[in-house]
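Enquirer: Just passing along the structure, written as structure tokens.
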Amino acid sequence: MKKGFTLIELMVTMALISIITAASLICLKGFKELREKIEMDYAVNSIVEFVNSAKCFSRNNNCSTIINVSGSKDSLELYSNIERIKFYKLPKKIKVTRVSSDGDDIKINNLGKAINACTLTLSNDGSLTREITVKVGTGYVSEKK
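Residue numbers (the working numbering): 1 to 145.
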């Protein structure tokens, strides 16, 4: 008797390998989308926390501060006078694509209130976009839904 595989056995094996590979690729695509969404949620929450902590710093130290979006649009910096107080680097692939305010600054007075209204638009490689608003008067910082 000859040892080896029949053609039908090889075909069935190849079909099973193809099905498993296709299912794996579909899962990887879903995993990538989920990871991007989680990274964006993290960035939004971190920026909201950064702005709120800047307001607390201004109140506690009775000084006005400025939150500056860096020139490369991948980090935020908190300044009091000319001294950099705090720094936040956005996750990879996420950038601030637009800042709708006076310049790229969010100004906070010594009472911890935002002086100018601002909307920060975050995006990753084009698939996700989120907006964060800073409201004047109330100083409320939130994600625009």
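Ideal placement from N, C-alpha and C gives every residue a C-beta, glycine not left out.
1) Measuring only between beta-carbons, confirm whether S46 sits less than 7 Å from chain B.
2) Taking the straight line between their C-alpha atoms, what separation do you get for L10 and K93?
3) Can you tell me which of the three DSSP states K135 falls into?
4) Could you tell me which of F87, N60, C63 sits nearest to V69, measuring between CA atoms?
5) Spatial neighbours of S64 within its chain, please: C-beta separation below 6 Å, excluding the five flanking residues on both sides.
6) When DSSP labels each residue in this structure, what does D105 get in the three-state scheme?
7) Below 8 Å, can you find three or more Cβ-Cβ pairs linking the region 19-28 to the region 39-49?
8) From K37 to L122, what does the alpha carbon distance come to, in whole angstroms?
9) According to DSSP, which residues form a beta bridge with V96?
10) Cβ atoms of K73 and V96: under 7 Å apart, would you say?
11) How would you label N124, buried or exposed, when you count the other beta carbons within 10 angstroms and need 16 or more for buried?
12) Nearest to Y79 by CA position, among T119, K32, I106, is which residue?
Expert: Put simply:
1) The chain inventory of the structure shown lacks chain B, comprising one protein chain alone.
2) Position 10 of the sequence shown, counted from the start, is the residue given in the question as residue 10. Position 93 of the sequence shown, counted from the start, is the residue given in the question as residue 93. So the alpha carbons of these two residues sit roughly 44 Å apart.
3) As a position in the sequence shown, residue 135 is number 135, starting the count at 1. Here K135 sits in coil by DSSP.
4) For the purposes of this step, residue 69 is identified with residue 69 of the sequence shown, where counting begins at 1. Cα-wise, what sits closest to V69 is F87.
5) Here residue 64 refers to the residue found at position 64 when the sequence shown is read from its first residue. These residues qualify, in order along the chain: N109, N110.
6) Counting from 1 along the sequence shown, the entry for residue 105 is found at position 105. D105 falls in the strand class under three-state DSSP.
7) The region 19-28 and the region 39-49 do not touch, with fewer than 3 CB-CB distances between them shorter than 8 Å.
8) Here residue 37 corresponds to residue number 37 of the sequence shown, with the count starting at 1. Here residue 122 corresponds to residue number 122 of the sequence shown, with the count starting at 1. K37 and L122 have their C-alpha atoms some 12 Å from each other.
9) What you label residue 96 is simply residue 96 of the sequence shown in a count that begins at 1. Beta-bridge pairing links V96 to L122.
10) Here the question's residue 96 lines up with position 96 in the sequence shown. Here the question's residue 73 lines up with position 73 in the sequence shown. Yes.
11) Position 124 of the sequence shown, counted from the first residue, corresponds to residue 124. With 16 or more other Cβ atoms within 10 Å, it is buried.
12) Sequence index remark: in the sequence shown, residue 79 carries index 79 (1-based). Nearest of T119, K32, I106 to Y79, Cα basis: I106.
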